[in-house]
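Undergrad: Let me begin by handing over the structure; questions about it come next.
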Amino acid sequence: MLDRLSPLKQGMQPGRLTRVISVSLLLLLSLWLPGVGTVERLDSQLIDFRAANAPRTASNRFVYLAIDKESLDHVGTWPWPRSIHAEIIDRLVAAGAGDILLDIDFSTPSRPAEDQALSAALLRAGGGVILPVFLQRQNVDDPSSATITRPIPEFAKNAWLAAADASLTEAGQFRAFDTFRGMDGENFTSVAVVLSALPEAGLPEQIGIDFSIRPDTVRVISVADLLRNKVPADMLAGRSVVVGAYSTELKDQFPVPIYGILSGPMLHILAAETLLQDRVPQPLVSWPIYLITVLLVIAATIWRRLTSIPVVAAIAVVISVASELAAYFLQKQWSFILPTATIHLILALGFTALLAAKLDLTTLLAELASAEKRNSRRILKRVIQDSVDAVFIVNDQGTIIDLSRAAGSLSCSSWEPRRGSDFCEGAPAVLVAALRRSIAAFTEGNRNAPAIQEEFDLVCDGQKKHVEAVLTLSSLEQSGSGSDEDHGRSYAACITMRDITARKVYEAKLRRLSQLDDLTGALNRRELINRIRESAEEEKMLAVFAIDLHRFSTVNATLGRYTGDQVLQAVSRRLMAAARKISEVPDVGLVGRLGGDVFCVVLAVSADNPLSFYADKIVGVFSKGINCGSSRIDVSVRVGAALASDVAGGPASWIDAAEAALDQAKKVGGAGWAVHTPVEAAAEARTRRLEKDMRPALKRGEFFLVYQPQVDLKTGAIVGAEALIRWQHAELGLVSPMDFIGIAEANGFICDLGRWALEEACREAVHWPSDLTVAVNVSAVQFAGSDVREDVLHALQVTGLPPGRLHVEITESTFALDAKKLLEDMKRLKALGVTIALDDFGTGYSSLSYISDFPFDLIKIDQSFIRRLTEDAASRAIVHAVTGIAAQLGRKVLCEGIEGETERQLLSVMGCQFGQGYHFGRPGPTSQLLALLNQAKPPVELTA
Ligand code: C2E
Ligand code: MG
Ligand code: MG
1 MLDRLSPLKQ GMQPGRLTRV ISVSLLLLLS LWLPGVGTVE RLDSQLIDFR
51 AANAPRTASN RFVYLAIDKE SLDHVGTWPW PRSIHAEIID RLVAAGAGDI
101 LLDIDFSTPS RPAEDQALSA ALLRAGGGVI LPVFLQRQNV DDPSSATITR
151 PIPEFAKNAW LAAADASLTE AGQFRAFDTF RGMDGENFTS VAVVLSALPE
201 AGLPEQIGID FSIRPDTVRV ISVADLLRNK VPADMLAGRS VVVGAYSTEL
251 KDQFPVPIYG ILSGPMLHIL AAETLLQDRV PQPLVSWPIY LITVLLVIAA
301 TIWRRLTSIP VVAAIAVVIS VASELAAYFL QKQWSFILPT ATIHLILALG
351 FTALLAAKLD LTTLLAELAS AEKRNSRRIL KRVIQDSVDA VFIVNDQGTI
401 IDLSRAAGSL SCSSWEPRRG SDFCEGAPAV LVAALRRSIA AFTEGNRNAP
451 AIQEEFDLVC DGQKKHVEAV LTLSSLEQSG SGSDEDHGRS YAACITMRDI
501 TARKVYEAKL RRLSQLDDLT GALNRRELIN RIRESAEEEK MLAVFAIDLH
551 RFSTVNATLG RYTGDQVLQA VSRRLMAAAR KISEVPDVGL VGRLGGDVFC
601 VVLAVSADNP LSFYADKIVG VFSKGINCGS SRIDVSVRVG AALASDVAGG
651 PASWIDAAEA ALDQAKKVGG AGWAVHTPVE AAAEARTRRL EKDMRPALKR
701 GEFFLVYQPQ VDLKTGAIVG AEALIRWQHA ELGLVSPMDF IGIAEANGFI
751 CDLGRWALEE ACREAVHWPS DLTVAVNVSA VQFAGSDVRE DVLHALQVTG
801 LPPGRLHVEI TESTFALDAK KLLEDMKRLK ALGVTIALDD FGTGYSSLSY
851 ISDFPFDLIK IDQSFIRRLT EDAASRAIVH AVTGIAAQLG RKVLCEGIEG
901 ETERQLLSVM GCQFGQGYHF GRPGPTSQLL ALLNQAKPPV ELTA
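Quick look at the structure:
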């Protein structure tokens with residue numbers, strides 16, 4: 001098929017039109033080319049080349065008497081006194097010289113005596129001395145700037161004047177002299193003609209200089225030698241002498257072909273030699289030669305048999321060389337000039353035209369395309385062979401037509417794919433099926449079916465490999481397909497296979513790593529949730545157990561972290577082994593690590609057994625201690641259990657419920673367990689809800705303060721009120737501080753909330769009667785997490801409440817903090833002028849030393865003592881002791897939770913100054929407080 005595309009080999013003839021165009025172009029070119037500057041220059045160079053390679057010697061008829069450096073040094077000045085020139089003439093005449101050319105500018109008079117000396121010498125020479133007349137241009141490019149330089153009349157009348165102008169070519173070289181030159185209305189013969197003494201008639205208008213006459217063969221004598229009388233007379237006798245500048249200092253230099261630069265006198269001599277040796281270059285009439293060349297080219301173009309490009313090229317070269325040889329010979333022998341550049345160019349263009357006609361564009365492109373195709377095939381073959389994947393190219397017969405070297409790595413005794421073998425024979429069944437599917441789709445006309453990708457295990461000689469394969473079917477156009485599209489189409493399948501065993505192993509490892517806990521190999525929380533979800537779809541009864549290692553921190557602290565890690569690993573192993581056994585369905589026996597020393601076991605349970613049955617079994621798993629090296633460590637666990645069906649939400653909530661039950665179990669103490677109940681779940685849900693909602697609630701203004709009066713127990717007068725916070729939840733209704741303060745303390749929100757309460761209480765109290773105080777509760781967490789002094793100061797400043805009217809209540813639990821820092825903080829706080837009260841005294845880490853060590857103004861005895869006051873002597877004793885110590889230390893005492901008049905009277909008698917409780921008023925808005933203030937009744941004193 002490729003051969004058919006090559007018309008050259010088939011002898012296809014160039015188109016008629018191409019031929020006609022080529023011939024016409026050539027004819028036009030032959031007329032036009034010789035006039036082109038570039039072609040002219042090329043011809044000049046060829047002429048010079050021939051001249052340089054056919055050197056001739058000078059005739060020895062001329063002597064160049066050179067005014068060289070030596071001469072200049074000899075005389076010592078320039079211009080020379082004209083008497084020197086006179087002496088030269090005299091000496092030359094005396095020596096018998098023929099014509100004498102003094103190529104020197106005598107256009108201006110010098111000293112009269114000198115001029116007279118020269119004039120006399122000229123006269124003595126009998127008028128045979130030639131003096132130059134020439135045009136001297138001020139500006140080389142401007143002909144109008146030329147002035148005629150000619151000898152002064154005194155000299156001219158005794159001399160022979162001749163034109164000494166040389167003609168400059170376009171290339172800026174001096175190549176010729178004008179035979180005659182008209183200047184100042186006179187016609188002057190050129191110096192060269194005069195020197196040659198040839199008859200002027202019949203000479204050409206211009207005398208081209210034959211530069212094959214070598215200037216170094218012209219005899220040159222220094223004027224100095226002549227003046228020193230060192231020149232033998234026979235050197236000069238009978239010869240024409242040209243006296244002129246030789247030294248470069250005199251600047252009589254001209255650019256010429258071959259030799260670069262020659263002096264003016266030497267140019268005159270060469271021109272005269274040219275005439276004398278009959279070497280004036282004579283251009284031959286060249287158009288007939290061009291025409292012959294053109295005809296030859298045309299003949300070659302149309303001659304049917306002349307089809308071989310190399311033959312045509314050889315003929316062109318032969319003609320070209322022959323013409324060049326002829327030109328050389330003609331120039332050397334007779335100074336005939338044959339401009340061959342045009343011949344060479346016509347031949348070259350003719351050959352190009354012939355080439356273009358023979359290799360018409362389509363042919364050329366077809367040749368290129370076929371070469372590219374061959375190249376592409378080679379590249380494709382190479383790419384397939386070098387592929388790192390196993391690549392198989394299979395034709396529509398199912399035969400492997402090409403395969404990569406890497407394909408060999410997949411071959412084994414049961415399947416040995418080779419070039420030429422049937423791919424389906426022994427190939428993995430999944431691949432054969434994929435190939436059939438692809439072919440079926442192709443046959444149904446689906447030419448662009450997507451690539452089929454398969455992954456399968458290939459067991460080769462007992463070795464298992466995981467292989468990924470991609471199969472693509474490419475439609476091929478068949479030659480000679482005819483009009484029916486489908487008949488002309490075939491296909492080739494490319495199956496690329498890659499051994500991905502290593503990748504699969506790595507992926508599995510990664511997956512395992514992402515699912516399992518690094519240390520113990522148990523499932524991590526995320527994966528545990530996933531697996532519970534999967535199990536829950538199949539099993540109705542799932543139970544989740546959270547397991548905590550009792551006192552594990554002690555193991556870590558006493559035996560070291562390494563042993564601790566070993567214990568955790570052993571616990572994990574034991575739980576894994578036990579879970580499947582305990583579970584009612586062995587497959588559902590998951591073990592996860594929730595963090596630190598908390599594990600999770602998920603089991604399928606039966607409705608016949610209570611959760612405690614399974615919890616007991618889990619506790620029993622650790623009845624035997626764990627061996628760690630040489631030591632045996634006893635492990636006891638707490639278990640929190642939750643039945644999935646009892647807990648709302650999904651697996652994550654079930655785990656949360658089990659953890660909540662675990663907290664419960666931990667509180668119980670001992671090696672026990674606790675089961676999560678729906679009631680607890682509801683409480684936890686509420687806690688979570690409150691935690692989630694509290695921050696936005698503050699922004700939305702859902703928090704508000706109520707005020708509970710504080711009274712003077714003796715007079716019954718209201719002395720102030722305690723601000724107590726409330727939360728009006730949009731959905732849950734009014735929420736007690738007992739429910740949310742603990743949560744706010746746990747998550748740190750209490751700092752924001754406390755800051756708000758302080759400011760809000762002060763803002764409200766500013767409007768109360770000025771003798772009323774306001775008490776604000778400040779949590780222990782506020783002392784740890786924010787600057788309470790700053791908050792108090794800010795609240796006082798923005799509201800304008802006098803510091804003396806503010807009580808800050810600090811609960812006893814606060815004293816679990818760093819006591820030194822707390823003392824410092826309290827002192828700074830007290831320095832503001834506020835009253836500091838110790839709230840709920842007697843509930844926490846009650847220590848009477850607090851009363852003395854810290855700067856409290858007021859001790860608030862907790863309501864739990866007051867409630868038992870009447871029936872419990874111990875409570876009375878405590879209250880009595882506290883009031884006694886307080887009195888001694890100068891602290892006041894306020895009793896909380898006074899609900900009856902009896903308690904009031906009793907407390908008053910016991911020396912307690914102030915009271916707070918439902919007996920005096922429940923917490924309520926400011927309006928309620930102010931109303932109580934107005935109806936305050938005097939107390940009834942208890943008589944002993
Ligand atoms: P607390 O500071 O000891 O406040 C006194 C609590 O006792 C208040 O409960 C009050 O309503 C209740 N109470 C007063 N008189 C009686 C009585 O005669 N009988 C009974 N049974 N109870 C009485 P409340 O308002 O529920 O506050 C509970 C606790 O919440 C407060 O105890 C306080 O520790 C905390 N709290 C309230 N508001 C704030 C606050 O703004 N900031 C901080 N940090 N804690 C606050
Ligand atoms: Mg309080
Ligand atoms: Mg209290």
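Counting in full-length UniProt numbering, the sequence shown runs from 1 upward without gaps.
By construction, the Cβ of each residue, glycine as well, lies at the ideal position given by its N, Cα and C atoms.
Please read all numbers here as calculations on a predicted model, not as lab measurements.
#1: Exposed or buried, what is W334 when buried is set at 16 or more other beta-carbons lying within 10 Å of its beta-carbon?
#2: Who are the near neighbours of H293 in its chain, counting only those whose CB is closer than 6 Å to its CB and skipping five residues on each side?
#3: Hey, which unbroken runs of the alpha helix (DSSP H) at 4 residues or more fall wholly within the region 844-869?
#4: Is residue 946 near ligand 1 - that is, is its Cβ less than 7 Å away from at least one heavy atom of it?
#5: Which whole-angstrom value describes the C-beta separation of S190 and F180, a residue pair presumed to lie in contact below a C-beta threshold of 8 Å?
#6: Could you confirm whether any beta carbon from chain B is found closer than 8 Å to the beta carbon of G742?
#7: Using a 10 Å radius around the Cβ and a threshold of 16 neighbouring Cβ atoms, would you call A660 buried or exposed?
#8: I'd like the list of long-range same chain contacts for S110, defined as Cβ closer than 7 Å, with 5 residues on each side in sequence excluded.
#9: Can you tell me which of the three DSSP states G629 falls into?
#10: Is V505 closer than 8 Å to A642 when the C-beta atoms are compared?
#11: Under DSSP, the beta strand (DSSP E) around R593 begins and ends at which residues?
#12: What does DSSP give as the partner residues of C412 in its beta bridges?
#13: Do you know how far the Cα of F329 is from the Cα of T77?
#14: Under 8 Å between the Cβ atoms of residue 962 and V223?
#15: Can we count D839 as close to ligand 2, meaning its CB is less than 7 Å from some heavy atom?
#16: What runs of the beta strand (DSSP E), each 3 residues or longer, lie entirely inside the region 141-165?
#17: Excluding sequence positions up to five away, which residues of its chain have a Cβ less than 7 Å from the Cβ of E454?
#18: Taking 7 Å as the cut-off, is the C-beta of K860 nearer than that to any heavy atom in ligand 3?
#19: Are there 16 or more other CB atoms within 10 angstroms of the CB of K860, so buried, or fewer, so exposed?
#20: Classify T520 as buried or exposed, calling it buried when 16 or more other Cβ atoms lie within 10 Å of its own Cβ.
#21: Going by DSSP, what residues sit across from H807 in a beta bridge?
#22: For M497, count the other beta carbons within 10 Å of its own beta carbon; 16 or more makes it buried, fewer makes it exposed. Which is it?
#23: How many whole angstroms separate the CB atoms of L823 and F783, which I take to be in contact at a CB cut-off of 8 Å?
#24: Taking buried to mean at least 16 other C-beta atoms within 10 Å of its own C-beta, is S849 buried or exposed?
#25: Excluding the 5 residues flanking V706 on each side, which residues of the same chain have their C-beta closer than 7 Å to its C-beta?
#26: Name the one or two DSSP bridge partners that P132 has.
#27: Starting from M183 and walking both ways along the beta strand (DSSP E), at which residues does that stretch end?
#28: Pull up the CB-CB distance for G244 and I67, whole angstroms please, since I reckon it's below 8 Å.
#29: Assign N524 to buried or exposed, taking buried as 16 or more other Cβ atoms, counted over all protein chains shown, within 10 Å of its Cβ.
#30: Is any heavy atom in ligand 1 found nearer than 7 Å to the beta carbon of T773?
#31: Using 7 Å as the cut-off, classify the Cβ of E722 as near or not near the heavy atoms of ligand 2, replying yes or no.
#32: Measure from the alpha carbon of V834 to the alpha carbon of each residue in E812, I851, V808, then state which is nearest.
#33: How big is the Cα-Cα spacing for A658 and T563?
#34: Among A819, D825, K820, V766, whose alpha-carbon lies nearest the alpha-carbon of P803?
#35: For G760, is the beta carbon positioned less than 7 Å from some heavy atom of ligand 2?
#36: Helix, strand or coil, according to DSSP, for G426 in the structure here?
TA: According to the data block:
#1: exposed
#2: The identity of residue 293 in the sequence shown is Thr, whereas the question assumes His. Correct list, in chain order: I343, I346.
#3: Qualifying alpha helix (DSSP H) stretches, in chain order: 848-853, 863-867.
#4: Since the first and last residues shown for the chain are 1 and 944, residue 946 lies out of range.
#5: 7 Å
#6: Absent from the structure: chain B. Only one protein chain is present.
#7: The residue in question, A660, is buried, as its Cβ has 16 or more Cβ neighbours within 10 Å.
#8: R82
#9: coil
#10: no
#11: 589-595
#12: W415
#13: 49 Å
#14: Given that the chain is displayed from residue 1 to residue 944, the structure contains no residue 962 and the question cannot be resolved.
#15: yes
#16: 146-149, 160-163
#17: V430, L431, A434, A469
#18: yes
#19: buried
#20: buried
#21: Beta bridge pairing from DSSP links H807 with A775, T835.
#22: buried
#23: With a Cβ gap of about 11 Å, L823 and F783 do not count as contacting.
#24: exposed
#25: L724, R726, P923, G924, P925
#26: A162
#27: 180-183
#28: Contact between G244 and I67 holds: their C-beta atoms lie close to 6 Å from each other, under 8 Å.
#29: buried
#30: No, Cβ of T773 sits at least 7 Å from all heavy atoms of ligand 1.
#31: yes
#32: Considering only alpha carbons, the answer is V808.
#33: Roughly 27 Å between the two C-alpha positions.
#34: V766
#35: According to the sequence shown, residue 760 is Glu rather than Gly. Because no heavy atom of ligand 2 lies under 7 Å away, the Cβ of E760 does not count as near it: no.
#36: coil
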